[in-house]
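Numbering (our numbering), first residue to last: 26 to 297.
Note that beta-carbon positions come from the ideal geometry of N, C-alpha and C, so glycine has one too.
So, in structure tokens, the structure goes:
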């Protein structure tokens, strides 16, 4: 049986953002950068994403501006997988990861999540909202949707979230540990969730919650390239175009889409 085709799906949803909205406008601009004639669709490992069957695009979901869109997102990702796709979601704020993982986790019960972020997003609730973009990984872990959660780049963890990390046995590689040389070890089915504020704002200023002292673009690409097997799904979230006047972050996001899709396409090439 053929392996799933990496499939971009735009999730223009930011109603659960706690500080600034704007991430709902991201998918179109990431696509524009991805398909820009200023570059090409070859990855660093010589995968031509422009070749037939290497990369599909499911378009953007139509979602309301307010209310709860989680069920609609989960249903769309399930349908994408049923049609032979492997989801590569472009958010949207980080709240979209919860329904995406609900869909992906149903196919991969021993899932490992590699989560790149300045924030652990483990609040039990934030501002009275249990579906806030500050809470998705608490929902994911309390529902048992992943066997492991490995977080890289964290540099804002407070006392409550430390307790949550202990509760859910989260493996946290904060920036101090990263600087000391600690690197994640992943095995089995891996899902990659990249919050662009995990990067230092010098590389990706177009985010709502800028937190200096983070990862470089090359650091994140290196993590993607070092995965022991192609990921079963991924998302790139929290790009806020209103904070990206020069368009730099759109191109960073597009580069990460390309390298993730290349790793996912490698599975299709090898029929694993």
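- Of the residues assessed, residue 119 falls on the buried side of the cut-off, its CB having 16 or more other CB atoms within 10 angstroms.
- Your pair residue 36 and residue 98 checks out as a contact, with CB atoms roughly 6 Å apart and the cut at 8 Å.
- Taking a C-beta distance under 8 Å as the contact criterion, residue 198 and residue 232 do not qualify as a contact pair.
- Under DSSP, residue 258 takes part in a beta bridge, and its partners are 216.
- In the structure shown, residue 96 adopts helical secondary structure according to DSSP, grouped into three states.
- Here DSSP, grouped into helix, strand and coil, assigns residue 243 to helix.
- Around the CB of residue 230, 16 or more other CB atoms lie within 10 Å, so the residue is classed as buried.
- For residue 108, no pairing in a beta bridge is given by DSSP.
- In this structure, the CA atom of residue 290 is about 9 Å from the CA atom of residue 111.
- Under the three-state reduction of DSSP output, residue 35 falls in the strand class.
- DSSP places residue 116 in the strand class (E or B) of the three-state scheme.
- Residue 154 and residue 77 have their C-alpha atoms roughly 43 Å apart.
- Going by beta carbons, residue 225 and residue 248 fall outside the 8 Å limit.
- Each residue's CA atom was taken as its position, placing residue 145 and residue 51 some 22 Å apart.
- A direct Cα-Cα distance of roughly 26 Å separates residue 276 from residue 208.
- Proximity to residue 202 across 228, 186, 213, 238 peaks at 238, based on C-alpha coordinates.
- The Cβ atoms of residue 189 and residue 149 lie closer than 8 Å to each other.
- By the C-beta density criterion, residue 168 is exposed, having fewer than 16 other C-beta atoms within 10 angstroms.
- If you check the CB distance, residue 102 and residue 128 come in under 8 Å.
- In the DSSP annotation of this structure, the continuous segment of the alpha helix (DSSP H) that includes residue 184 starts and ends at 184-192.
- DSSP, read as helix, strand or coil, puts residue 68 in coil.
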